[in-house]
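Shown next, in structure tokens, is the structure this report addresses.
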Amino acid sequence: MNVAQNIVAGLDRILTMELVRVTERAAVAAARLRGRGDEKAADQVAVDAMREELNRLAIKGTVVIGEGERDEAPMLYIGEEVGTGKGPAVDIALDPLEGTTICAKNLPNALAVIAIAEKGSLLFAPDVYMDKIAVGPGYADGVIDIDASPAENVASLARAKGVAVSDITACILDRPRHAKLIDAVRATGAAIRLIGDGDVAGVIHTTDAEETGIDIYLGTGGAPEGVLAAAALRCTGGQMQGRLILDTPEKVARAAKMGISNPKRIYQAEDMARGDVLFAATGVTDGNMLAGVKFGRTYITTHTIVLRSSSRTVREIKARHQDMDKF
């Protein structure tokens, strides 16, 4: 067995279930502040919980997608090293609370999310907007094209799925910048599910359209969230394209410092999350795919999916935690 195979085996053996504990702990911490109206507090407790659990893992981890630059985030900042330092070297993309506003308002689809890949495998993306389009597994390559019109993409997907355009549902962030996009999709006869926040969840929902009712994701959102979403799609066989929106000289310069030489490049999911990838997400609030954390009198329940790209394994874990002190 060569070195690369050893690393992959190590990721699988050590981290698959350990990642579940990482997102579970962050989700439970955030869930205690659901509906309290304090986004910063909910995010902070999730960050604290995730970092503490990450530092228990036998990895040499580097955060490449995190809470921001070192001067913006005291913990889980980009470049921070986590883990015990004894284990495989890995890149980490994370969002301890994806959907801070959602959690503060106790609305659907807030998640605790993390992805881990071999060192150098995750896109080191600046914190800018990214234009995104994504579909779930089961379609031939090229069924979507970020340069095609919304009407062309919806029609292409309907043909590939063997249904009428009116049977397609697109997920789009409800933002003023998407007004023309929303009008264009509705003009085709397709349905739209607007979401207030949480575009990682929006993209992930395309991976199981029968369960979520979402066939395609369209629109612009954060580039870091795009990398996390791409990691999930790599694990399920979905397709995604993204292009950074570098519309000022400052953004172009900042991206160049992160190794991005072509500001107009179209990234496929495989470009954003290469090699063997592990991904985990735990529900904070109830959503289309995952139930939120439930607090019983003598136990806590969590609902998590954990995915691996090399085996296309999707594990769904519903856990009852009777040792409540660990949280």
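So for the sequence shown, the numbering used here puts the first residue at -15; every next one is plus one. Each residue gets a CB set at the ideal place from its N, CA and C atoms; glycine is no exception. All figures in this text were calculated on a predicted structure; none of them were measured in a lab.
Nearest to valine 290 by CA position, among Ile200, Arg218, Ala57 and Asp129, is which residue? As a working note, residue 290 is residue 306 in the sequence shown. Looking at the Cα atoms, Arg218 is the closest of the given residues.
Among the candidates Thr282, Gly210 and Ala15, whose CA atom is the shortest distance from the CA of aspartate 307? Position 323 of the sequence shown, counting from 1, holds the residue named residue 307. Of Thr282, Gly210 and Ala15, the residue nearest in Cα terms is Thr282.
Alpha carbons only, please: which of Pro80, Arg292, Arg18 and Asn137 is nearest the one belonging to aspartate 260? By 1-based counting over the sequence shown, the position of residue 260 is 276. Nearest to aspartate 260 by C-alpha distance, out of Pro80, Arg292, Arg18 and Asn137, is Arg292.
The beta strand (DSSP E) that contains valine 48, what's its start and end? Along the sequence shown, read from residue 1 onward, the residue named residue 48 stands at position 64. In the DSSP assignment, valine 48 falls within the beta strand (DSSP E) that extends over 44 to 49.
Which one of Ala94, Ile86, Pro58 and Lys89 has the shortest CA to CA distance from threonine 286? By one-based count along the sequence shown, residue 286 stands at place 302. Put simply, of Ala94, Ile86, Pro58 and Lys89 the residue whose alpha carbon is nearest the alpha carbon of threonine 286 is Ala94.
Would you mind stating whether alanine 185 and glycine 50 have Cβ atoms separated by less than 8 Å? Numbered from its first residue, the sequence shown carries residue 185 at position 201. Numbered from its first residue, the sequence shown carries residue 50 at position 66. No, the Cβ-Cβ distance between alanine 185 and glycine 50 is not below 8 Å.
Classify lysine 278 as helix, strand or coil using the three-state DSSP reduction. On the sequence shown, position 294 is the one that residue 278 refers to. DSSP, reduced to helix, strand and coil, places lysine 278 within a strand of the structure shown.
State buried or exposed for leucine 178, treating a residue as buried only when at least 16 other CB atoms are found within 10 Å of its CB. What you label residue 178 is simply residue 194 of the sequence shown in a count that begins at 1. Around the C-beta of leucine 178, fewer than 16 other C-beta atoms lie within 10 Å, and the residue is accordingly described as exposed.
Run through DSSP, which three-state label would leucine 317 get? Residue 317 cannot be examined here, being either before or after the span of the chain that is shown, -15 to 311.
Looking at C-beta atoms only, is the number of pairs between the segment 80 to 96 and the segment 18 to 37 that lie closer than 8 Å three or more? As far as the Cβ criterion goes, the segment 80 to 96 touches the segment 18 to 37, which means the pair count is three or higher.
Answer with buried or exposed for serine 295, where buried requires no fewer than 16 other C-beta atoms within 10 angstroms of its C-beta. As a position in the sequence shown, residue 295 is number 311, starting the count at 1. Result: exposed.
With 16 as the cutoff for other CB atoms within 10 Å, does asparagine 246 come out buried or exposed? Residue numbering aside, residue 246 sits at position 262 when the sequence shown is read from its first letter. When all chains shown are included, asparagine 246 counts as exposed.
Given this structure, state the Cα-to-Cα distance separating valine -8 from histidine 162, to the nearest angstrom. Here residue -8 corresponds to residue number 8 of the sequence shown, with the count starting at 1. Here residue 162 corresponds to residue number 178 of the sequence shown, with the count starting at 1. Summary for valine -8: the model assigns pLDDT 42, below 50, so the residue's position carries little reliability, and this model does not support an answer.
Assigned secondary structure, aspartate 111 (DSSP; H/G/I helix, E/B strand, else coil): Residue numbering aside, residue 111 sits at position 127 when the sequence shown is read from its first letter. Residue state, collapsed to three classes: coil.
The segment 295 to 304 touching the segment 199 to 216, judged by at least three CB pairs closer than 8 Å: With a cut-off of 8 Å, the segment 199 to 216 and the segment 295 to 304 do not count as touching, because too few Cβ pairs lie within range.
Helix, strand or coil: which one does DSSP assign to alanine 154? Position 170 of the sequence shown, counted from the first residue, corresponds to residue 154. Of the three classes helix, strand and coil, the one that applies to alanine 154 here is strand, per DSSP.
Tell me where the beta strand (DSSP E) around isoleucine 200 begins and ends. Counted from its first residue, the sequence shown places residue 200 at position 216. DSSP places isoleucine 200 in the uninterrupted beta strand (DSSP E) bounded by 200 to 206.
State the beta-bridge partners of glutamate 300 as determined by DSSP. Here the question's residue 300 lines up with position 316 in the sequence shown. Under DSSP, glutamate 300 shares a beta bridge with Ile289.
Can you find at least 3 beta carbon pairs, one from the segment 119 to 128 and one from the segment 147 to 166, that sit closer than 8 Å? In short, these stretches do not touch, since the Cβ pair count stays below three.
Using beta carbons (cut-off 8 Å, strictly below), is lysine 302 in contact with chain C? Judged by its chain identifiers, the structure shown contains no chain C, having just a single protein chain.
Cα-Cα separation, leucine 106 to threonine 269: Against the sequence shown, residue 106 aligns to sequence position 122. Against the sequence shown, residue 269 aligns to sequence position 285. If you take the alpha carbons of leucine 106 and threonine 269, they lie about 27 Å apart.
Span separating the alpha-carbon of alanine -12 from that of threonine 84: Numbered from its first residue, the sequence shown carries residue -12 at position 4. Numbered from its first residue, the sequence shown carries residue 84 at position 100. Low per-residue confidence applies at alanine -12: pLDDT is 41, beneath 50, and the placement is therefore not dependable, though the value from the model is reported in the following sentence. The straight-line gap from Cα to Cα measures roughly 37 Å.
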